[in-house]
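Let me begin by presenting the structure, written as structure tokens, before commenting on it.
Residue numbers (our numbering): -10 to 423.
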């Protein structure tokens, strides 16, 4: 048996052809070029960042101390950051191509801006805590008001209880007004398009830039002067609701528009009405985003000072009635205490600001726990109720099947045949014709 000789180019043709990009100086290895995940972090990346940061700090120190007549921390940081980007681009270009270098520089700038925002937030929080530490260490600061405390009294007397309670009452009134109105308005803007909805959206966008002092003046002129409502928590809550309402509407409108249209179409295809679709499909899908919109509005309203100054009044006593007598808020109390030249009052002001930040954090966590779950996610209690209901249904189905089986056993298999019916006989009367 003779084997035909292999053609000269047969082996080369049977191999898998590899494509080489034009202008690429790196030839692919026989096994093909290994792909690299974009999210992976190599040792060279860490070395490049550390080396660029070290070189930037060294060069900046050399320029500021020896070569250039510059001084000041702001200029030092700005020059160090610019040199860091230049050195980092140079180090990355040693191993990567042009697009990869641009991508690394952009990623470094974005991450550095995020780090800057976090650093500023940490500095603000830590500064308030450090300045108010002398007041926060006393328990009476959280359990007493300022009825018996004056500007010259020590920190062991008086506290911010009346301001904290007043803030909670005001923000509760504002949320009771803005949450239903804001969510309904956002649903209207999204689900009922038309000229009027576009007009309302324009007004809402314009109100987001409304100065807070204007909102306070509006409530002061219309509610307090015209309607005769007393200065207090109710009027302050109305002023805060004017500030919170456009924020909640705008954020909720954006979130609802992000719901996929296929979900609405699937609901309409099942014969569901528009409002049942909104209630059972749209709102549960964007529940987490709606919670975020409420949090944004709450954070905007709880820290406002100008509307509260014009509508709540000033008091040193604890007041639980929002419709009568003045009521103090934490933001207004911070403003008043810090203006005082006394160190004890300034410490109370920073302590009140720290208490305000803690209150915002507590409200944020509570809102996330209540509405931060995604669509379809259930709590443990809801899962337990669903399991109990499923077991109850399974038990009911088993009992029904058992009853039907017992009924079949009690019924005989063949029923006795009915006796035959005799034929009907007709009697004819004499003289009658048949």
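Idealized CB from N, CA, C, for every residue including glycine. Quick caveat: nothing in here was measured; it's all calculated off a predicted structure.
Per-residue DSSP class, three states only, for residue i
i: residue 232; result: helix
i: residue 204; result: helix
i: residue 183; result: coil
i: residue 311; result: coil
i: residue 318; result: coil
i: residue 249; result: coil
i: residue 146; result: coil
i: residue 293; result: coil
i: residue 260; result: coil
i: residue 386; result: helix
i: residue 103; result: helix
i: residue 265; result: helix
i: residue 218; result: coil
i: residue 12; result: Summary for residue 12: the model assigns pLDDT 44, below 50, so the residue's position carries little reliability; its value from the coordinates is reported in the next sentence. Residue 12: coil per DSSP, three-state reduction.
i: residue 174; result: helix
i: residue 132; result: helix
i: residue 282; result: helix
i: residue 330; result: coil
i: residue 138; result: coil
i: residue 303; result: coil
i: residue 71; result: helix
i: residue 51; result: helix
i: residue 198; result: coil
i: residue 338; result: helix
i: residue 58; result: coil
i: residue 272; result: helix
Buried/exposed call for residue i, threshold 16 Cβ in 10 Å
i: residue 59; result: exposed
i: residue 47; result: exposed
i: residue 370; result: exposed
i: residue 134; result: buried
i: residue 182; result: exposed
i: residue 311; result: buried
i: residue 192; result: exposed
i: residue 337; result: buried
i: residue 172; result: buried
i: residue 209; result: buried
i: residue 200; result: exposed
i: residue 64; result: exposed
i: residue 386; result: exposed
i: residue 169; result: exposed
i: residue 323; result: buried
i: residue 93; result: buried
i: residue 205; result: buried
i: residue 128; result: exposed
Alpha-carbon spacing of residue i relative to residue j, whole angstroms
i: residue 166; j: residue 285; result: 15 Å
i: residue 159; j: residue 96; result: 43 Å
i: residue 203; j: residue 373; result: 50 Å
i: residue 321; j: residue 217; result: 23 Å
i: residue 189; j: residue 164; result: 21 Å
i: residue 32; j: residue 108; result: 26 Å
i: residue 318; j: residue 281; result: 24 Å
i: residue 356; j: residue 390; result: 46 Å
i: residue 339; j: residue 157; result: 19 Å
i: residue 428; j: residue 147; result: Since the first residue shown for the chain is -10 and the last is 423, residue 428 is missing from the structure and cannot be characterised.
i: residue 179; j: residue 248; result: 10 Å
i: residue 388; j: residue 274; result: 38 Å
i: residue 34; j: residue 103; result: 19 Å
i: residue 62; j: residue 71; result: 14 Å
i: residue 50; j: residue 42; result: 12 Å
i: residue 79; j: residue 73; result: 10 Å
i: residue 352; j: residue 85; result: 47 Å
i: residue 279; j: residue 397; result: 56 Å
i: residue 106; j: residue 116; result: 15 Å
i: residue 238; j: residue 299; result: 25 Å
i: residue 343; j: residue 297; result: 19 Å
i: residue 88; j: residue 110; result: 33 Å
i: residue 150; j: residue 44; result: 52 Å
i: residue 316; j: residue 309; result: 8 Å
i: residue 101; j: residue 39; result: 14 Å
i: residue 10; j: residue 77; result: Because residue 10 carries a pLDDT of 44, less than 50, the predicted location of this residue cannot be relied on, and no value is offered for it.
i: residue 395; j: residue 375; result: 30 Å
i: residue 69; j: residue 119; result: 29 Å
Proximity test, residue i beta-carbon vs the ligand FAD heavy atom, cut-off 7 Å
i: residue 351; result: As presented, the structure is devoid of all ligands, the ligand FAD included, so that no description of it is given.
For this session: Could you tell me whether the region 299 to 316 touches the region 136 to 156, using the rule of 3 or more Cβ pairs below 8 Å?
Result: yes
Exercise. When the Cβ atoms of the region 255 to 262 are set against those of the region 223 to 241, are three or more pairs found closer than 8 Å?
Worked result: no
Exercise. If you pair each beta-carbon of the region 264 to 271 with each one of the region 318 to 331, do three or more pairs fall below 8 Å?
Worked result: no
Exercise. Is it a yes or a no for the region 379 to 389 touching the region 175 to 191, going by three-plus beta-carbon pairs under 8 Å?
Worked result: no
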